[in-house]
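Chains as they are written, first to last, in the numbering used here: chain A, 243 to 441; chain B, 13 to 195.
All C-beta atoms in this analysis are idealised placements derived from N, C-alpha and C, irrespective of residue type, glycine included.
Working notes, structure below.
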Ligand SMILES: Cc1ncc(C[n+]2csc(CCOP(=O)(O)OP(=O)(O)O)c2C)c(N)n1
Ligand SMILES: [Mg+2]
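Set out below in structure tokens:
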């Protein structure tokens with residue numbers, strides 16, 4: 243799971259976290275995070291974003307409030323989380339137990355050509371999350387920490403924010419459906435049953 | 013000049029905020045996202061006092077747009093309350109409603125509109141309706157107290173029945189334009 247430069251590889255990490263995910267709903271931030279969850283396995287309980295940069299965590303909050311018994315996981319990039327960083331405060335105040343956020347921090351805007359983000363210059367998103375009032379947080383840098391990460395996400399004792407320092411690698415594209423109506427409709431049906439389309 | 017004069021709020025006797033609250037209940041709205049505006053203060057109090065509504069105070073209005081997408085994924089109806097300046101913060105995020113066909117009703121109290129005193133409110137206030145429409149939002153305006161209930165109901169119905177972003181703009185004329193004694 244470690245690359246030559248000692249950083250975690252993103253897809254094996256995401257695969258390990260989603261192992262035995264059950265009825266967990268997963269929102270993925272635009273770009274590489276969306277390709278990652280799709281590479282692990284595209285399912286109706288995946289909601290990969292094609293845009294809405296900065297919005298992934300708040301989509302997770304709306305869903306977590308609506309479905310309090312279901313684990314909801316947001317997997318997103320450092321750039322995406324920085325754009326929506328205020329939502330950490332909003333989420334901390336609402337304190338949904340079933341919501342986890344995993345930031346895949348490659349210290350770059352990968353999708354747009356690997357430009358540096360602020361996290362490569364000392365900006366600590368986890369400290370920002372803690373400062374926002376997120377009480378349950380975790381830094382992940384080594385493979386032996388991944389089982390603990392997975393357990394924390396599945397425990398539903400959130401809101402939980404984890405940040406994994408990952409290798410800034412560019413991986414082959416594995417694209418989910420692009421049609422937004424299909425993406426929303428399949429997730430609603432998986433959560434609410436087939437009658438969701440008649441609402 | 014009173015501090016309260018800096019913001020526009022409806023008179024205590026106005027009953028349209030209560031009418032809006034009754035509509036939110038009638039349409040089974042469960043998540044209420046907002047950045048406060050003085051014009052919505054009474055409605056916000058009513059929502060906070062209701063045990064079945066989850067009131068979420070946002071750091072920026074675009075969070076509310078994303079939250080409405082998540083609420084709908086999970087089968088709950090939501091609404092976004094904001095002042096007109098907040099519409100500018102929502103623009104790109106409103107793509108979600110068009111892309112996924114998600115109900116996103118917004119109730120917007122206008123500033124920079126009828127009899128505005130604060131120059132900073134005018135640019136976004138004047139751009140509010142065009143910006144919403146450019147992003148595919150169906151907009152109606154209520155400029156008289158007696159229009160508000162019908163407009164809000166249309167906004168809720170249109171959003172939930174036809175799956176899109178909709179908005180009622182509540183004109184500054186009804187909310188009360190402040191002039192700081194300079195009128
Ligand atoms: C509002 C907005 N600004 C900019 C972009 C362009 N953009 C798309 S993906 C991306 C970078 C995402 O970086 P990160 O979240 O760190 O993901 P990574 O690819 O590094 O995993 C950017 C800047 C966009 N789609 N939307
Ligand atoms: Mg990145």
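Practice item. Pick out the complete alpha helix (DSSP H) segments inside the region 358-415 of chain A, 4 residues or longer, and give them in chain order. Key: 367-374, 388-396
Practice item. Helix, strand or coil for residue 291/A, going by three-state DSSP, please let me know. Key: coil
**Study point:** Limits of the beta strand (DSSP E) - the one that residue 173/B falls within
**Key:** Element bounds for residue 173/B: not the beta strand (DSSP E) but the alpha helix (DSSP H), 157-174.
Review point. Taking residue 378/A as the reference, which of 420/A, 357/A, 330/A has the closest Cα?
Key: 330/A
Point to revise | residue 141/B vs residue 181/B beta-carbon contact at 8 Å | key: yes
Exercise for review: Have a look at residue 194/B and residue 148/B and give me their C-alpha separation to the nearest angstrom.
Suggested key: Unreliable positioning characterises residue 194/B in this predicted model, as indicated by a pLDDT of 47, which lies under 50. The coordinate reading is nonetheless provided below. Cα-Cα distance, rounded: 38 Å.
Review point. Thinking just about the alpha-carbon of each residue, which of 373/A, 256/A, 359/A, 419/A is nearest to the one in residue 275/A?
Key: 256/A
**Study point:** Closest residue to residue 34/B among 185/B, 164/B, 95/B (Cα-Cα distance)
**Key:** 164/B
**Study point:** Cβ-Cβ distance between residue 351/A and residue 390/A below 8 Å
**Key:** no
Check your understanding: Got a sec? Which residues, its chain only, sit under 8 Å from residue 110/B by beta carbon, not counting five neighbours each side?
Key -> 147, 148, 176, 177
Practice item. Flag residue 320/A as yes when its Cβ comes closer than 7 Å to any non-hydrogen atom of ligand 1, and as no otherwise. Key: yes
Review point. At a Cβ threshold of 8 Å, is residue 123/B touching chain A?
Key: no
Review point. To the nearest angstrom, how far is it from the Cα of residue 119/B to the Cα of residue 186/B?
Key: 14 Å
Check your understanding: Heavy atom of ligand 2 less than 7 Å from the Cβ of residue 352/A, yes or no?
Key -> yes
Point to revise | Reduced DSSP secondary structure (H/G/I, E/B, other) of residue 259/A | key: helix
Exercise for review: Please indicate yes or no: does the CB of residue 355/A lie closer than 7 Å to some heavy atom of ligand 1?
Suggested key: no
**Study point:** Residues near residue 183/B in its chain [Cβ-Cβ closer than 7 Å; skip 5 each side]
**Key:** 122, 125, 126, 153, 154, 155
Practice item. Determine the contact status of residue 43/B and residue 77/B, defining contact as a CB-CB distance below 8 Å. Key: no
Check your understanding: What's the gap between the Cα of residue 341/A and the Cα of residue 115/B?
Key -> 23 Å
Check your understanding: At least one CB of chain A closer than 8 Å to the CB of residue 191/B: is that the case?
Key -> No answer about residue 191/B holds up, because its pLDDT of 49 lies below 50 and its placement is not dependable.
Check your understanding: Per DSSP, what kind of secondary structure is residue 342/A in: helix, strand or coil?
Key -> strand
Review point. By the criterion of Cβ-Cβ separation under 7 Å, what are the contact partners of residue 72/B in chain A?
Key: 328
Point to revise | Interface residues of the region 84-101 of chain B facing chain A [CB-CB below 8 Å] | key: 84, 85, 86, 87, 88, 90
**Study point:** Status (buried if at least 16 other CB within 10 Å, exposed otherwise) for residue 91/B
**Key:** buried
**Study point:** Proximity test, Cβ basis, 8 Å: residue 345/A and chain D
**Key:** Looking at the structure shown, chain D is missing, and the protein chains on hand are A and B.
Review point. Name the DSSP beta bridge partners of residue 39/B, please?
Key: Residue 39/B is not bridged to any residue.
**Study point:** the region 365-383 of chain A in contact with the region 290-301 of chain A per 3-pair CB rule at 8 Å
**Key:** no
Check your understanding: For residue 425/A, which three-state DSSP category applies?
Key -> helix
Point to revise | Cβ-based burial, residue 348/A [other Cβ within 10 Å; buried from 16] | key: buried
Review point. Whose C-beta lies closer than 8 Å to the C-beta of residue 332/A among residues of the same chain, with five residues either side of it excluded?
Key: 300, 303
Check your understanding: Does the Cβ-Cβ distance between residue 338/A and residue 400/A come in under 8 Å?
Key -> yes
Review point. Among residues of its own chain, excluding the 5 on either side of residue 200/B, which ones have a beta-carbon nearer than 8 Å to its beta-carbon?
Key: This structure leaves residue 200/B out entirely; chain B is present only between 13 and 195.
Practice item. Indicate whether residue 80/B and residue 297/A have their beta-carbon atoms separated by less than 8 Å. Key: no
Practice item. Figure out for me which residue from 280/A, 326/A, 252/A, 263/A has the closest Cα to the Cα of residue 397/A. Key: 263/A
Exercise for review: Could you give the DSSP three-state label for residue 52/B: helix, strand or coil?
Suggested key: helix
Exercise for review: Figure out for me which residue from 158/B, 132/B, 71/B, 27/B has the closest Cα to the Cα of residue 53/B.
Suggested key: 27/B
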